[in-house]
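A.B. asks: After the structure tokens below, expect a handful of questions from me.
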Amino acid sequence: GAVVSQHPSWVICKSGTSVKIECRSLDFQATTMFWYRQFPKQSLMLMATSNEGSKATYEQGVEKDKFLINHASLTLSTLTVTSAHPEDSSFYICSARESPPSGSSYEQYFGPGTRLTVT
Amino acid sequence: GNSVTQMEGPVTLSEEAFLTINCTYTATGYPSLFWYVQYPGEGLQLLLKATKADDKGSNKGFEATYRKETTSFHLEKGSVQVSDSAVYFCAPYSTLTFGKGTMLLVSP
Chain A
762 GAVVSQHPSW
772 VICKSGTSVK
782 IECRSLDFQA
792 TTMFWYRQFP
802 KQSLMLMATS
812 NEGSKATYEQ
822 GVEKDKFLIN
832 HASLTLSTLT
842 VTSAHPEDSS
852 FYICSARESP
862 PSGSSYEQYF
872 GPGTRLTVT
Chain B
31 GNSVTQMEGP
41 VTLSEEAFLT
51 INCTYTATGY
61 PSLFWYVQYP
71 GEGLQLLLKA
81 TKADDKGSNK
91 GFEATYRKET
101 TSFHLEKGSV
111 QVSDSAVYFC
121 APYSTLTFGK
131 GTMLLVSP
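Each protein sequence line maps, in turn, to chains A and B.
When we follow my numbering, the leftmost residue of the first sequence carries the number 762, and every step to the right adds one.
When we follow my numbering, the leftmost residue of the second sequence carries the number 31, and every step to the right adds one.
Below is the structure:
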């Protein structure tokens, strides 16, 4: 099946610094990528949807100036957490959807996640 | 609005027990339905899917049938294993909304 990678898998940073997380589709082209945030023992919260070559669409309550998303190519999207604070510590997961969608299933392929800890 | 409702966890079972995790949804139209599994410390993996009413998705001994009349997509497995311990998420495509997830704990 299609593979999505994330880098880094975990990162520890100091409060006030910025952290960039990469999401790559390894063997398919993804017009659309999604960024989720997951708190311990909770569901995934969709943060934003990014389409290649255009601005990301953020969900209500997500600060677009804090969580910068760039989808510059069909295989790469990045999430930058700017001026990180301890409350930004979380598990961030990306997913990608093939383009054009294969069949009618519109399946998303998920990355393995990135554990961010802000000290 | 669109939503997904899953049964509360954790679900604790002994090995070889029968598993059912309920999932009901509300969505516009008749979307494809998915079950994803998340093992500890990992991202989500697609477990199975169904693209239209009455379809049955199956994988690794798990099954789920797309019931349009009850808007349900319950996950079942006849005999669970310790390695099935994970969090299971139900998701209709059209909403990109995930249920809260149901943690399954299987003991030897």
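Each residue gets a CB set at the ideal place from its N, CA and C atoms; glycine is no exception.
In this structure, what does DSSP give as the bridge partners for His104(B)?
C.D. replies: Looking at the DSSP assignment, His104(B) forms no beta bridge with any residue, so it has no partner.
A.B. asks: Please give the ranges of any alpha helix (DSSP H) in the region 809-866 of chain A, keeping only runs that are unbroken, at least 4 residues long and fully inside the region.
C.D. replies: Within the region 809-866 of chain A, no complete alpha helix (DSSP H) run reaches 4 residues.
A.B. asks: Return helix, strand or coil for Val764(A), following the three-state DSSP convention.
C.D. replies: Note: Val764(A) maps to coil in three-state DSSP.
A.B. asks: At what residues does the beta strand (DSSP E) containing Lys79(B) begin and finish?
C.D. replies: Start and end: Leu74 to Ala80.
A.B. asks: Suppose contacts are defined by Cβ-Cβ distances below 8 Å. Is Ser850(A) in contact with Leu877(A) by that definition?
C.D. replies: Cβ atoms of Ser850(A) and Leu877(A): closer than 8 Å.
A.B. asks: Using the rule of at least 16 other Cβ atoms within 10 Å of the residue's Cβ for burial, across every protein chain shown, is Gly814(A) buried or exposed?
C.D. replies: That one is exposed.
A.B. asks: Run down chain D in chain order and give the residues with a C-beta less than 9 Å from the C-beta of Pro801(A).
C.D. replies: Absent from the structure: chain D. Protein chains present are A and B.
A.B. asks: List the residues of chain A that Phe128(B) touches, going by C-beta distances under 7 Å, in chain order.
C.D. replies: Ordered by position in chain A, the residues that pass the 7 Å Cβ test against Phe128(B) are Ser804 and Leu805.
A.B. asks: My understanding is that Ser804(A) touches Gly87(B), with C-beta atoms under 8 Å, so please give their C-beta distance in whole angstroms.
C.D. replies: That belief does not hold up - the Cβ atoms of Ser804(A) and Gly87(B) are roughly 21 Å apart, past 8 Å.
A.B. asks: Would a check of beta-carbon distances place Glu93(B) closer than 8 Å to chain A?
C.D. replies: By this cut-off, Glu93(B) is not an interface position.
A.B. asks: Roughly how many angstroms lie between the CA atoms of Ser33(B) and Thr56(B), to the nearest whole one?
C.D. replies: Taking the straight line joining both Cα atoms gives about 5 Å.
A.B. asks: Against Gly872(A), what residues of chain B qualify as contacts under a CB-to-CB distance less than 7 Å, listed in chain order?
C.D. replies: Within 7 Å Cβ-Cβ: Gly73.
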